[in-house]
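S.K.:
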Amino acid sequence: MRYLRWRFRHHVNGREVTGEAPWLIVGLGNPGPQYAGNRHNVGAMVIDRMARDAGTSLRAHKAGALAASIRLAGQPVVIATPTSYMNESGGPVAGLMRFFKAPLERLIVVHDELDIEFATLRLKRSGGEGGHNGLKSISKSVGSKDYLRVRVGIGRPPGRMDPAAYVLKNFTATERAELEFLVPEAAEAAELLTVKPLNDVQNVVHAR
């Protein structure tokens with residue numbers, strides 16, 4: 001299959017420069033150390049892992065995010081986590097897309113998913129948000145649901161626990177041990193989406 005190569009234009013010292021548009025990989029979570037270990041922050045954990053693997057660190061960006069520019073498989077990629085709360089993720093994502101001239105087709109959102117068993121990854125493009133406020137905010141701000149998602153399963157809450165409370169609790173010790181494998185796998189899935197068609201990556205990831 002022939003991959004689409006998106007192009008962008010910008011000006012440096014008054015001169016137009018063309019180049020390949022970057023991918024934008026965004027991991028969702030809430031800001032601050034009190035939320036860092038929450039189930040709701042697993043998307044941000046994946047971005048932190050990608051930054052570490054790339055030997056870089058995320059820096060504050062005026063769009064309202066922590067971001068870094070890296071290269072994966074020889075192409076430009078921006079990795080980022082919004083510094084807003086989860087339900088306001090859309091503004092920073094839209095701002096990053098404008099700043100880096102990343103098209104919707106190259107937006108990948110990594111997020112927690114209640115309706116998927118813990119430690120399971122599922123990939124898709126478009127579709128509903130399943131009640132996820134971060135996704136709802138992004139869809140509204142970018143004007144479309146047609147972006148790629150890396151859905152990291154956290155499972156349903158036990159008993160009658162409120163899902164809103166469940167996602168804001170830290171992973172258990174047993175779950176944290178599994179995260180040592182899950183987070184790198186999610187990072188790898190996001191990277192694969194930048195070089196292969198969705199169906200091909202689904203065949204690999206969903207078979208695990």
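If you're matching positions, the sequence shown starts at 1 in this note's numbering and goes up one per residue. Every residue gets a Cβ at the ideal spot worked out from N, C-alpha and C, and that includes glycine.
(1) Secondary structure at V195, three-state DSSP: helix, strand or coil?
(2) Measuring only the C-alpha atoms, how far is L192 from N41?
(3) Does the region 153-169 come within contact of the region 92-106, defined as at least 3 CB pairs closer than 8 Å?
(4) Where DSSP assigns a beta bridge to K124, which residues make up the other side?
(5) Quick one: Cα of T194 to Cα of T174, how far?
(6) Please work out which residues of its chain come closer than 7 Å, Cβ to Cβ, to N133, disregarding the five sequence neighbours upstream and downstream, and give them in chain order.
(7) Just to confirm, is the Cβ distance from R160 to R125 under 9 Å?
(8) Would you please state the rounded distance, in angstroms, between the beta carbons of L114 and L198? I believe it to be under 8 Å.
(9) DSSP state of P157, grouped into three classes?
(10) When the Cα of G74 is compared with those of W23, K136 and L96, which residue comes out closest?
(11) Do L121 and V152 count as a contact pair if the criterion is CB distance below 9 Å?
M.R.: So, from the data block:
(1) coil
(2) 22 Å
(3) no
(4) R149
(5) 31 Å
(6) M86 and N87
(7) no
(8) No, L114 and L198 are not in contact; Cβ-Cβ is about 22 Å, not under 8 Å.
(9) coil
(10) W23
(11) yes
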